[in-house]
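Read in order, the letters of the sequence shown correspond to residues 41 to 280 in this note's numbering.
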Amino acid sequence: MAGHSKWANIQHRKGRQDEKRQRIWTRVMREIMVAARMGGGDIATNPRLRLAVEKGKAANMPLENVKYGIAKATGSLEGVHYEEVRYEGYGIGGAAIIVDCMTDNKVRTVAEVRHAFSKHGGNMGTEGSVAFQFKHCGQLIFAPGTIEENVMEIALEAGADDVIAHDDGAIEVLTPYTDFEAVKNALEAAGFKAELAEVTMRADNMIEMAGSEAARMQKLLDVLEDLDDTQDVFHNAAIS
């Protein structure tokens, strides 16, 4: 990742998310409903639901909305049944893209995702065509200036796989996805608050993009992210 600024890319991503803040509640609600349906409505015994509720709190979602979503998912109220589905494909310059969706109509969703890829310079691939280029893991990013040695000691003791110091000063902690919450809690207890903390699909290698190529790739990503059924979009493009 020579020349690539991890911190700049994270800030860029957060900025794009802030522009679409109004969509976050809908996506968090779907995540809460699926998590509750799969693992039950008790956040004490359902780690996935616990993380979804944390996302809701971070987005200032009212507690009543959270309770309503759990109630619908666990059968206390009638509601829409959402399914998880993943699509894979290629963007500009062969960049790898994963699109995670939650939908009540897979026929509609696959058609919309395929259309977005084809209209904006990408190609939809088959299952497994790009997923091997990503790792399912927990990821925490700390701002430049964070003391690497202190973070490393706590993170590794709590179960992290790796701590990476990037050239721009950002500190990245990688965890098994099953241990993400334990590592995050241990770091927060020690006073280290991550700028970004999530279970994600992390690209093994990034592709540098600038100029018109970067603009075209960003447009494709924006269109995919704006689809009603999209929950997350993962890719390996480092956009300048």
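Backbone N, C-alpha and C fix where the C-beta goes; we use that ideal spot for every residue, glycine too.
Asked, Found
"Whole-angstrom distance between residue 83 and residue 355, CA atom to CA atom", "This structure does not reach residue 355, given that the chain is present from 41 up to 280, and the question cannot be answered."
"Inter-stretch contact (C-beta, 8 Å, three-pair minimum) for the region 177–197 and the region 151–159", "no"
"Given residue 216 as reference, the closest of 128, 230 and 196 once Cα atoms are compared", "196"
"Buried versus exposed, by CB contacts within 10 Å (16 or more), residue 260", "buried"
"Endpoints, the beta strand (DSSP E) within which residue 202 is located", "202–205"
"Beta-bridge partners of residue 175, as assigned by DSSP", "242"
"Residue 143 classed as buried or exposed, judged by whether at least 16 other C-beta atoms fall within 10 angstroms", "buried"
"Reference residue 258; option with closest CA among 123, 198 and 132", "132"
"Rounded C-alpha distance that separates residue 70 from residue 241", "19 Å"
"Own chain, CB closer than 6 Å to residue 267, minus 5 neighbours either side, in chain order", "152"
"Pair within 7 Å by beta-carbon distance, residue 255 and residue 276", "no"
"Sequence-distant residues of the same chain with beta carbon closer than 7 Å to residue 235, five excluded per side", "50, 181, 182 and 183"
"7 Å Cβ cutoff met for residue 8 and residue 211", "The question about residue 8 has no answer here: the residues shown for the chain are numbered 41 through 280."
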